[in-house]
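Down below is the structure, laid out as structure tokens.
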Amino acid sequence: MDPGECLLCKSKMREGTTEIIARVGEQVVIIKNIPAFVCPNCDEAYYSIDTQRKIDRIMKAFHEGRLLARPLAAGEVDLKALEAIQPAACAAIEDH
Ligand SMILES: [Zn+2]
């Protein structure tokens with residue numbers, strides 16, 4: 059599949075990944091590692107129809123409360139939640 063050009067600035071798109079941050083009530087859901095074509099100039103991202111469907115499914119599950127995410131305001135890092143969910147990540151950032 060040819061990435062083609064960015065619709066906004068006509069730069070050559072690159073294959074890469076992007077993330078989506080969406081807020082639902084008090085919760086913030088961040089979907090990471092979304093395969094996409096990303097514009098190196100303006101960071102505009104385009105997804106395939108398949109990927110868009112997956113994102114829609116995740117958002118639907120999240121809205122219906124079937125998928126739980128950490129309550130976290132954007133830009134905040136909750137160390138306690140991080141410890142609970144990713145002990146390995148915490149070990150990696152500790153002083154040795
Ligand atoms: Zn662009």
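In this note's numbering, the protein residues as written are 59 to 154. Think of the CB as a built atom: it goes at the ideal place given N, C-alpha and C, for glycine as much as any other residue. These numbers were taken from a predicted model, which means no experiment stands behind them.
Item                                                                                                                                                  : Value
Roughly how many whole angstroms lie between the Cα atoms of K68 and F95?                                                                             : 13 Å
How long is the line joining the alpha carbons of V168 and H121, rounded to whole angstroms?                                                          : Here the chain covers residues 59 to 154 and nothing more, so residue 168 does not appear.
Report the partner residues of I78 according to the DSSP bridge assignment.                                                                           : I89
Can you name, in chain order, every residue of its own chain whose Cβ lies under 7 Å from the Cβ of A80, other than the five neighbours on each side? : V87, M117
Which partner residues of E63 appear in the DSSP bridge assignment?                                                                                   : K70
Using 8 Å for Cβ pairs, my map puts I89 next to E102. What's the rounded Cβ distance?                                                                 : The pair is not a contact, with the Cβ atoms about 17 Å apart (cut-off 8 Å).
Give the DSSP bridge partners of Y104, in chain order.                                                                                                : F95
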